[in-house]
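Heads up, the thing below is written out as C-alpha cells.
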Amino acid sequence: MESAGRAVATAAADMASSELAVAVVCGTGNNGGDGFVAARYLLNRGLPVQLFFVGRLE
Numbered sequence: 004m005e006s007a008g009r010a011v012a013t014a015a016a017d018m019a020s021s022e023l024a025v026a027v028v029c030g031t032g033n034n035g036g037d038g039f040v041a042a043r044y045l046l047n048r049g050l051p052v053q054l055f056f057v058g059r060l061e
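Using the working numbering, the first residue of the sequence shown is number 4, and each one after it goes up by one.
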C-alpha cells in the first residue's frame, strides 16, 4: 500500500499544477488505502489536495 501510494503520488505530482488542488477519490478496501497514502505524499510535497471518501464509515 505504501509503495503503490507513493508511485501514484509521484505520477500525479509530475502532472499537477501548484495552483490547482489534486482531487483524490477513495473507496473502501486496499485501493482506497492507496489513495489515502497518495494524498499524504502529495500534501508532504506541498501540493493542495482534496480527498473524497466514497463508502460507509465503519
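The beta carbon of each residue, even a glycine, is placed where N, CA and C say it ideally should be.
Task: Cα-Cα separation between Val-52 and Thr-31, rounded to whole angstroms - done: 19 Å
Open item on the list: Less than 8 Å between the C-beta atoms of Val-63 and Asp-37, yes or no?
Closed with: Absent from the model: residue 63. The displayed extent of the chain is 4 to 61, so no value can be given.
TODO: Classify Leu-50 as helix, strand or coil using the three-state DSSP reduction.
DONE: coil
Open item on the list: What residue range does the alpha helix (DSSP H) around Ala-19 cover?
Closed with: Run containing Ala-19: none; DSSP gives neither H nor E here.
Task: Straight-line gap, Glu-22 to Asn-34 (C-alpha atoms, nearest Å) - done: 27 Å
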